Amino acid sequence: VVDLWAPWCGPCRTLGPSLEKVVDETGGAVALAKVNVDENPSVAASFQVQSIPAVFALRDGRVVDRFVGALPEAAVREFVERLAPAPTEADRLVQEAAASGSEEPLRRALELEPDHPAAIEALAAMLIERGESDEAISLLRRVPETPAVRHLLAQARLAASDVDVAHDDVGAVLDGLLERVREDESARQEFLDLLETLGPDDRRTNEYRRALATRLF
4 VVDLWAPWCG PCRTLGPSLE KVVDETGGAV ALAKVNVDEN PSVAASFQVQ SIPAVFALRD
64 GRVVDRFVGA LPEAAVREFV ERLAPAPTEA DRLVQEAAAS GSEEPLRRAL ELEPDHPAAI
124 EALAAMLIER GESDEAISLL RRVPETPAVR HLLAQARLAA SDVDVAHDDV GAVLDGLLER
184 VREDESARQE FLDLLETLGP DDRRTNEYRR ALATRLF
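Numbering follows our numbering, in which position 28 of the sequence shown is assigned residue number 31; successive positions increment by one, without gaps.
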């Protein structure tokens, strides 16, 4: 799925999160490419785009579906589901695990499809929850880095380094790491992992991102 958008486009900002969420729910069956038309006018021209947001579904290099404008999430989901391949046995096992909360179907899914993204994400989340971060990290490195995978990796690395975001004084931890980010790659990664775990809605995230940029540049 190719989403042609621009930062100044209000409907694009409305559609973007819904489209990202729905594509992410496919567990890697559908990929999303976001193209800023201001920065990539030749791509916009190749799709003959006259207004944005404009979304194109491609299969085997050919456009098979499209829409223009900010559709409601239900319509976006229907659009994406038409593109997604038929569910496999591994997909069914992932759904079984989601319904039961059981690990065993996820292990079976990965026996069938060792790089099944949704199975890996779900199993990694379980492993992180019970403190088995090393296996979680190993699993997550087998799949492309989506926002969900990036968030899980951050959680796993923090758990492995004994940082408890829920109970530690995160501000103090970030301040300490900030002093070391220029010279210490591991400190910089831990700093970024903390911000990823806090999420974009936490006011500290932007504050500390600015502080990091000032320190590095």
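No residue lacks a Cβ here, since even glycine has one placed at the ideal position from N, Cα and C. Because the structure is a prediction, the values reported are computed rather than measured.
So residue i and residue j are supposed to be a Cβ contact under 8 angstroms. How far apart are they, rounded?
{"i": "Asp94", "j": "Phe82", "result": "Rounded, the Cβ-Cβ distance is 19 angstroms, inconsistent with contact."}
{"i": "Pro261", "j": "Ala73", "result": "There is simply no residue 261 to check, as the chain begins at 4 and stops at 220 in what is shown."}
{"i": "Pro109", "j": "Ala100", "result": "Contrary to the premise, residue 109 reads as Leu rather than Pro in this sequence. Yes, they are in contact, since the Cβ atoms of Leu109 and Ala100 sit about 5 angstroms apart, within 8 angstroms."}
{"i": "Gln192", "j": "Arg160", "result": "7 angstroms"}
{"i": "Val166", "j": "Leu215", "result": "Incorrect: roughly 17 angstroms between the Cβ atoms, too far for contact."}
{"i": "Pro116", "j": "Thr91", "result": "Residue identity check: residue 116 is Glu in the sequence provided, not Pro. Going by Cβ atoms, the distance from Glu116 to Thr91 rounds to 7 angstroms, so yes, they are a contact pair."}
{"i": "His154", "j": "Glu199", "result": "6 angstroms"}
Measure the CB-CB distance between residue i and residue j and report whether it falls below 9 angstroms.
{"i": "Glu124", "j": "Val152", "result": "yes"}
{"i": "Leu22", "j": "Asp6", "result": "yes"}
{"i": "Ala162", "j": "Ile131", "result": "yes"}
{"i": "Val2", "j": "Leu219", "result": "Residue coverage of the chain in this structure runs from 4 to 220, which leaves residue 2 outside it and unanswerable."}
{"i": "Arg207", "j": "Val173", "result": "yes"}
{"i": "Leu96", "j": "Ala127", "result": "no"}
Bridge partners for residue i per DSSP, in chain order?
{"i": "Ala36", "result": "Val5"}
{"i": "Arg65", "result": "Arg62"}
{"i": "Phe194", "result": "According to DSSP, which records beta bridges pairwise, Phe194 is partnered with nothing at all."}
{"i": "Ala57", "result": "Leu7 and Val71"}
Measuring alpha carbon to alpha carbon, tell me which residue in the options is nearest residue i.
{"i": "Leu61", "options": "Ala47, Val4, Asn43 and Glu114", "result": "Val4"}
{"i": "Ala34", "options": "Val40, Glu42, Asp41 and Val25", "result": "Val25"}
{"i": "Thr217", "options": "Leu181, Arg207, Pro117 and Ala57", "result": "Leu181"}
{"i": "Ser54", "options": "Ala9, Asp63, Pro117 and Asp187", "result": "Ala9"}
{"i": "Pro88", "options": "Pro150, Gly30 and Thr17", "result": "Gly30"}
{"i": "Leu71", "options": "Val79, Ala175 and Glu210", "result": "Sequence inspection shows Val at residue 71; the Leu mentioned does not correspond to that position. Per the Cα distances, Val79."}
{"i": "Ala32", "options": "Leu86, His154 and Pro20", "result": "Leu86"}
{"i": "Cys12", "options": "Glu186, Glu76, Ala48 and Ala57", "result": "Ala57"}
{"i": "Met129", "options": "Ile140, Asp137, Pro147 and Glu106", "result": "Glu106"}
{"i": "Leu18", "options": "Asn43, Val46, Pro44 and Ala77", "result": "Ala77"}
{"i": "Asp178", "options": "Arg213, Val66, Ala36 and Gln158", "result": "Arg213"}
{"i": "Gln98", "options": "Asp204, Glu188 and Glu28", "result": "Glu28"}
{"i": "Ser164", "options": "Pro147, Ser141, Pro203 and Asp137", "result": "Asp137"}
{"i": "Ala36", "options": "Ser45, Val52, Leu142 and Phe59", "result": "Phe59"}
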